[in-house]
Each structure stands twice: as C-alpha cells, then as structure tokens.
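Here's the structure we're looking at; comments come further down.
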Amino acid sequence: MTAAARRRFDHSGLQILDDDESLRLLSSVQVGRLVFTRGGLPVVRLVNFALDGRSLLFATADGDKYRAAERGDVVAFEADEVDLDRHLGWTVTATGHLSAVDSDELPDIPPVRPWAPDRERHLIRLTIELLEGRRLLAWGQRPHAEGSNA
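Residue numbers (my numbering): 228 to 377.
Structure (structure tokens):
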C-alpha cells in the first residue's frame, strides 16, 4: 500500500494528521493562539511557546492566562502555517488543562522567551489531552469525489 493510499481525510478533504506528525509540526513554529475563557466568554491571545513532550509551555505575567492556569481551566491552543500563494498549509489544535509550573520544575523544562519585557513572569503548562492536526495538500494529492468538479 502506498503512502498516499494510507492517508486519511476529513469530510472537507483535509488530510488528518496523526499525533506524531502534529507534534512535529508544533515543534516547527514558535507562535500560536491560546483560547481560554474570561468571564464565561472565549478570549484568544497570541503566544510564543515551547513544546515539552506532550505539553506546551508559555511565559506569562500575572493576568488572565495565569489565573486560568491557577484554576486548572480547560483551554485550546492552535498553531498553523499557511502558504497563501500555493494554497497549502496545516493547522494543529491541542486541548487540555492549564497549570502553573512549579519552581522546582524550572531546571528541567525548555526555555520560553516571553513577549513582555521586564515584568514578573510565570510559566504555565498546557497538558495536551486531545490533539488534532489537518493539512491542506496540493490539488493533485487531494481526494476527489467521483463526479466532482472540484
């Protein structure tokens, strides 16, 4: 069976990525979006991050993200890469619980460069419980429904 025959696709024709490929893609970028709630409503923040096994690490000051970590909130995170000219790209979404990183863990985790300079910083961790990746392939590599003009 060829690699192309083993590929899985979702209902919209995007290739479904396995966890290993999704983690590899996450490790190839440094910026993503953290989605959490504030006052019961969704909030999205652009963050830089580091991948640590099946966890994502973020540096943050005191504020909404840190309070969400202290509460252990369920959050989502998304990173992607898109080539608009060639109409190619991928997206990976991770869902799980946030937590504050204990100071005794600090020597064992990869460095995370914070956005905001000269502020008190905390590290927070998103433990990945659900990981979903999708890739938009070149036209010739995409599945075509029989009789489809697309």
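All C-beta atoms in this analysis are idealised placements derived from N, C-alpha and C, irrespective of residue type, glycine included.
Distance from T318 to R260 at the Cβ level is roughly 10 Å; contact not present, criterion being Cβ atoms closer than 8 Å. Taking a contact as a CB-CB distance under 8 Å, the pair L325 and Q242 does not count as one, their CB atoms being some 29 Å apart. According to DSSP, residue pairing for G360 in a beta bridge involves L244, V319.
Secondary structure of A277 (DSSP, three-state): strand.
Residue nearest to A277 within the set E359, T287, D291 is T287 (criterion: CA-CA distance). With 16 or more neighbouring CB atoms inside 10 Å of its own CB, L353 falls in the buried class. Membership of A286 in the beta strand (DSSP E) is indicated by the continuous run 282–287. With fewer than 16 other Cβ atoms inside 10 Å of its own Cβ, L357 counts as exposed.
Under the three-state reduction of DSSP output, L268 falls in the strand class. Here DSSP, grouped into helix, strand and coil, assigns L252 to helix.
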